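Take the sequence shown: its position 77, counting from 1, is numbered 77 in the numbering used here, and each next residue is one higher.
Think of the CB as a built atom: it goes at the ideal place given N, C-alpha and C, for glycine as much as any other residue.
Being a predicted model, the structure only gives us computed values, none of them experimental.
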Amino acid sequence: MTVPMISQSCISGFKNEETYVWPYINGDIKGLALTPIYKTLPNALDRIPDENFYVIISALDLIRLGGKRENKIAKETLENMYGINKN
Numbered sequence: 001m002t003v004p005m006i007s008q009s010c011i012s013g014f015k016n017e018e019t020y021v022w023p024y025i026n027g028d029i030k031g032l033a034l035t036p037i038y039k040t041l042p043n044a045l046d047r048i049p050d051e052n053f054y055v056i057i058s059a060l061d062l063i064r065l066g067g068k069r070e071n072k073i074a075k076e077t078l079e080n081m082y083g084i085n086k087n
């Protein structure tokens, strides 16, 4: 499962080997390992897919990476998801 708005924003600036992924035996995307906030998270989302929850967790993972660009993408993603206006 990928988050299109996050994937496209991030992947466009990175080489494939710089893509961050959760280590997961059933995963099909290769990249740099980013330990999930909870170790059972990949299994839970595999069993009961929830796109909205996945977007939130993915945005939080971007914040955990700590880069300025990643933080901006995460903030915009969450603002769009919750309909928050910047005005």
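How big is the Cα-Cα spacing for residue i and residue j?
| i | j | result |
| --- | --- | --- |
| Ala74 | Ile37 | 16 Å |
| Leu32 | Leu65 | 12 Å |
| Pro92 | Thr35 | In the structure displayed, the chain extends from 1 to 87; residue 92 sits before or after that span and is not available. |
| Ile25 | Arg47 | 14 Å |
| Glu51 | Arg69 | 23 Å |
| Met81 | Asn43 | 24 Å |
| Asn85 | Glu76 | 10 Å |
Identify, in the order they occur along the chain, each residue of the same chain with its Cβ nearer than 8 Å to the Cβ of residue i, setting aside the five sequence neighbours on each side.
| i | result |
| --- | --- |
| Leu60 | Ile37, Ala74 |
| Ile11 | Confidence at Ile11 is low in this model, with a pLDDT of 46, below 50, so its placement is unreliable and no value can be given for it. |
What is the residue span of the alpha helix (DSSP H) that residue i lies within?
| i | result |
| --- | --- |
| Ile57 | 51-65 |
| Ile73 | 68-82 |
| Pro23 | Counting along the chain, Pro23 falls outside any alpha helix (DSSP H), and DSSP gives it neither H nor E. |
| Asn43 | 41-47 |
Quick one: what's got a C-beta closer than 6 Å to residue i's C-beta in the same chain, skipping five residues either side?
| i | result |
| --- | --- |
| Ile56 | none |
From the DSSP secondary-structure annotation, give me the bridge partner or partners of residue i.
| i | result |
| --- | --- |
| Leu34 | BP columns for Leu34 are empty, so no partner. |
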